[in-house]
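Asks: Pasting a structure below so you can have a look.
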Amino acid sequence: MYENKESILATKSFDFSKRIIKMVDYLYKNADPKFSSIYQQVLRSGTSISANISESQFAQSRADFITKLHIAAKEANETKNWLKMLHENGTLTLTQFQSMDADCSEILALLVASLNTAKRNEQNNKRD
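Residue numbers for the sequence shown follow our numbering, beginning at 548 and rising by one.
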């Protein structure tokens with residue numbers, strides 16, 4: 548079965564959300580509770596990526612589709628920031644950080660490619 552970029556993106560982002568949830572659960576059980584507000588931030592931004600990609604699949608217009616993907620990209624970028632912060636304060640090991648950051652970076656790259664394609668298609672349709 549052929550999977551387009553959007554369905555690959557939806558699958559990868561959903562899987563990433565599951566990893567974020569497991570990571571935050573682990574942090575609440577094993578890491579310093581004084582950083583719990585950061586755990587909540589990474590949980591919110593990390594799961595929001597998948598939610599916005601899911602919403603984009605039923606966008607009301609091309610502009611709405613682009614907006615949802617743009618929000619997902621912003622959330623991915625924010626998640627990368629929280630992951631880096633958790634690593635640099637010693638909460639995540641280098642291995643944990645690199646694994647989560649690599650997945651998030653891959654999703655962000657797919658989002659940027661999808662956004663570029665959608666914007667290009669939008670401009671091409673305006674010319675026709």
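Positions of the beta carbon are idealized from the N, C-alpha and C atoms, including for glycine.
Which class does Gln604 belong to by DSSP, given the choice of helix, strand or coil?
Replies: For the purposes of this step, residue 604 is taken as residue 57 along the sequence shown, with counting starting at 1. Here Gln604 sits in coil by DSSP.
Asks: Three or more beta-carbon pairs under 8 Å between the region 577-586 and the region 613-624, yes or no?
Replies: no
Asks: I'd like the span of the alpha helix (DSSP H) that includes Ala620, first residue to last.
Replies: Residue 620 sits at position 73 when you count from the first residue of the sequence shown. Ala620 -> alpha helix (DSSP H) spans 609-635.
Asks: Just checking my contact of Lys627 with Asp648 at CB under 8 Å: how many whole Å lie between their CB atoms?
Replies: Position 80 of the sequence shown, counted from the first residue, corresponds to residue 627. Position 101 of the sequence shown, counted from the first residue, corresponds to residue 648. Right, their Cβ atoms sit about 6 Å apart.
Asks: Apply the 10 Å Cβ neighbour rule to Thr594 and answer buried if 16 or more other Cβ atoms are within range, or exposed otherwise.
Replies: In the sequence shown, counting from the first residue as 1, residue 594 sits at position 47. Flag for Thr594 reads buried.
Asks: Give a yes or no on whether the minimum CB-CB distance between Asp650 and chain C is below 7 Å.
Replies: Reference to chain C is not applicable here, since this structure consists of a single protein chain.
Asks: Can you list, in chain order, the residues of its chain with a C-beta nearer than 6 Å to that of Arg609? Leave out the 5 residues immediately preceding and following it.
Replies: Residue 609 sits at position 62 when you count from the first residue of the sequence shown. Result list for Arg609: Glu669, in chain order.
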